[in-house]
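When you read off a place in the sequence shown, starting at 1, and then add 441, the result is the number in this note's numbering. Ideal Cβ positions, reconstructed from N, Cα and C, are used throughout, including at glycine. This report concerns only the one structure given below.
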Amino acid sequence: MSKKESIMRKFYSKIICITLLLLPVCLSQAVGGEPLKLKPIYQVQKNDKIPYIDPKLYSFPFDKYGISNFPIPVDNAVGTICCNNAITFVNFDDGKLNFEIKAKDFVPNNKRGDINFMPLFSKEKIGYTQTRLLRLLDLKTNNVTTHPLSGNMDEQIMNFAEIDPSKNLCMVRLSRSVGFRGKKYIIRILDFSDGTPVIKAEKIYDHIVRFRTFRNGVILYHFESKKLEILDTELKSLKHPLKDIYDNYLYNPGKNIFLCDRIQEINIHPKLPFAILTVEEREKRNQWIVSWRGGVKIFKLMESSFSYNFFSPDGKWFINVLRMYIGDKKIYKQLMMRVDENELPYYLGKPIEMKKPGVESRTGNFAWTSNPMHLTATGDGKYFKWNLSYSEIKGGDWRTVVPVKIKYKGVFGEVRK
């Protein structure tokens with residue numbers, strides 16, 4: 442081999458090596474990197490003049506710190522355990538709080554231990570847990586029965602979620618300490634058809650899993666591997682469009698797709714074919730709309746440093762609690778957005794601020810009333826109640842839909858105003 446041929450071979454070898462090294466990066470940018478630069482549909486800053494809704498405020502005459510608040514199958518009311526060691530129904534009729542004690546002194550202290558409230562899972566029972574014990578209230582007899590959800594002292598109940606109230610099902614997540622620093626995470630489907638909790642299905646993981654339930658299903662996000670799993674009410678694999686979209690457009694190392702760093706929350710709409718994903722992006726937690734009606738469409742909804750969000754039970758409203766920074770100051774915004782399936786390709790209308798007078802951070806312990814469906818929360822020793830009706834909205838024309846121009850790059854859409 443001549444000296445010239447040897448030099449050329451080394452040169453081309455370097456070119457091939459550099460190409461192979463850069464290829465995954467190029468593919469990542471082409472498939473999953475560039476959409477990160479998309480502008481959000483809505484941008485809400487501290488002094489933005491946007492439509493708003495004022496809450497009705499109710500002073501709480503009992504324990505003013507950490508007022509508990511949970512949904513109950515009773516019209517225009519919520520539940521609390523902060524009144525005189527009792528389970529109490531708080532009714533909002535007549536413009537004031539009316540208290541109805543349902544069960545009192547059934548234990549020496551009904552607030553001791555780690556408290557978790559159950560979602561609506563039955564029309565006849567409600568419940569909450571104290572550490573590993575479930576307290577079930579029968580709404581017909583007002584009797585409270587106690588049921589151990591775990592006999593293992595190393596296990597702790599983390600939270601509950603609604604999954605199929607029509608079948609008296611709900612889901613519970615537990616953690617179990619193993620050894621010095623190890624942990625396992627357990628998810629169980631509980632069946633209350635016979636009045637007491639029966640484990641219908643169970644899965645145990647040795648790593649962190651986050652979950653969110655939807656109608657007849659469970660979304661599991663494996664925090665370390667970043668894999669998405671969707672299961673049915675028996676915790677068996679369920680085929681769902683969101684899983685296909687995630688694997689093909691959002692995160693798949695095998696295809697060099699890295700749009701998502703990590704997902705913090707997933708909310709599938711209860712009726713319509715779209716979901717809201719809260720995604721970590723460069724130290725932010727931004728919300729993305731993923732739709733699968735008539736093909737895949739993905740939009741960036743909003744940007745924030747923190748987000749907690751959920752749909753109303755009837756699917757007509759999306760609630761988005763945001764934390765943003767204006768300079769060094771931390772600002773919280775509580776927003777409601779109407780769900781519009783006909784006029785908007787990205788489903789969610791203009792943000793409407795849910796005012797929270799007297800509370801600098803954010804209200805907590807959200808719970809929905811039924812008939813009428815309004816949102817309640819607690820903070821600063823008060824109940825807040827937002828009547829989510831069009832007549833309550835002030836400060837701007839929130840229903841006007843500006844003609845939308847959208848520029849698509851593949852499935853990723855950007856709104857041009």
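Figure out for me which residue from the options has the closest Cα to the Cα of residue i.
i       : options                               : result
Asp-504 : Lys-552, Lys-490 and Leu-479          : Lys-552
Thr-572 : Gln-597, Asp-579, Asn-550 and Lys-566 : Gln-597
Asn-761 : Phe-752, Tyr-787 and Lys-823          : Phe-752
Glu-643 : Leu-669, Tyr-692, Ser-616 and Gly-790 : Ser-616
Pro-502 : Gln-484, Asp-516, Asn-812 and Cys-523 : Cys-523
Arg-734 : Asn-783, Tyr-493, Val-856 and Asp-579 : Asn-783
Phe-511 : Ala-602, Ile-793, Tyr-493 and Pro-682 : Ala-602
Ala-716 : Ile-698, Asn-693, Phe-699 and Ile-686 : Ile-686
Ile-630 : Met-612, Lys-624 and Pro-638          : Met-612
Ala-527 : Arg-576, Phe-699 and Asp-516          : Arg-576
Ser-500 : Ala-818, Thr-674 and Asn-583          : Ala-818
Glu-794 : Asn-812, Gly-837, Lys-771 and Lys-823 : Gly-837
Asn-750 : Leu-785, Ala-808 and Asp-579          : Ala-808
Is residue i near residue j, with beta carbons less than 8 Å apart?
i       : j       : result
Pro-496 : Lys-797 : yes
Ile-707 : Arg-653 : yes
Leu-742 : Ile-491 : no
Phe-633 : Ser-748 : no
Leu-498 : Phe-825 : yes
Gly-636 : Ile-567 : no
Ala-544 : Asn-532 : no
His-710 : Gly-658 : no
Gly-805 : Gly-790 : no
Phe-853 : Leu-479 : yes
Glu-675 : Lys-641 : yes
Lys-680 : Arg-703 : no
Thr-586 : Leu-574 : no
Asn-812 : Asp-579 : no
For residue i, count neighbouring Cβ atoms within 10 angstroms of its own Cβ and tell me buried if that reaches 16, exposed if not.
i       : result
Ser-607 : exposed
Glu-541 : exposed
Met-765 : buried
Phe-621 : exposed
Tyr-831 : exposed
Glu-721 : exposed
Arg-726 : buried
Arg-656 : exposed
Thr-775 : A small fix is needed here, since residue 775 is Gln in this sequence, not Thr. Gln-775 is buried by the Cβ-count criterion.
Ser-678 : exposed
Ser-745 : buried
Gly-851 : exposed
Ser-591 : buried
Arg-450 : Unreliable positioning characterises Arg-450 in this predicted model, as indicated by a pLDDT of 49, which lies under 50. The coordinate reading is nonetheless provided below. Exposed: under 16 other Cβ atoms inside 10 Å.
His-648 : exposed
Arg-723 : exposed
Lys-835 : exposed
Met-594 : exposed
Gln-484 : exposed
Lys-848 : exposed
Thr-529 : buried
Arg-857 : exposed
Val-466 : For Val-466, the pLDDT reaches just 37, beneath the cut-off of 50, and the residue's location in the model is therefore unreliable, although a value from the coordinates is still provided. By the 10 Å Cβ count, Val-466 comes out exposed.
Ser-509 : buried
Ile-645 : exposed
Lys-846 : exposed
Pro-638 : buried
Using DSSP with H/G/I as helix, E/B as strand and the rest coil, what is residue i?
i       : result
Asp-632 : strand
Ser-607 : helix
Ser-832 : helix
Asp-504 : coil
Gly-536 : helix
Gly-851 : coil
Lys-757 : coil
Lys-791 : coil
Arg-857 : strand
Lys-860 : This structure gives no information on residue 860, because the portion of the chain shown stretches from 442 to 858.
Asp-588 : As written in the sequence, residue 588 is His, which differs from the Asp given in the question. Note: His-588 maps to strand in three-state DSSP.
Leu-776 : strand
Asp-579 : strand
Trp-827 : strand
Arg-764 : strand
Trp-864 : Here the chain covers residues 442 to 858 and nothing more, so residue 864 does not appear.
Ser-616 : strand
Ser-745 : coil
Asn-750 : strand
Ile-739 : strand
Thr-637 : coil
Quick check: does the Cβ of residue i come within less than 7 Å of any heavy atom belonging to the ligand GDP?
i       : result
Ile-628 : Absence of the ligand GDP from the depicted structure is noted, as is the absence of any ligand whatsoever, leaving it without description.
Compare the C-beta of residue i against all C-beta atoms of chain B and say whether one is closer than 8 Å.
i       : result
Asp-755 : The displayed structure is made up of one protein chain only, and chain B is not part of it.
Note down, one range per segment and in chain order, each alpha helix (DSSP H) of at least 4 residues found wholly within the stretch 642-709. 682-686
3 or more residues per run - each beta strand (DSSP E) lying fully within the stretch 524-575: 527-532, 539-545, 556-558 and 566-571
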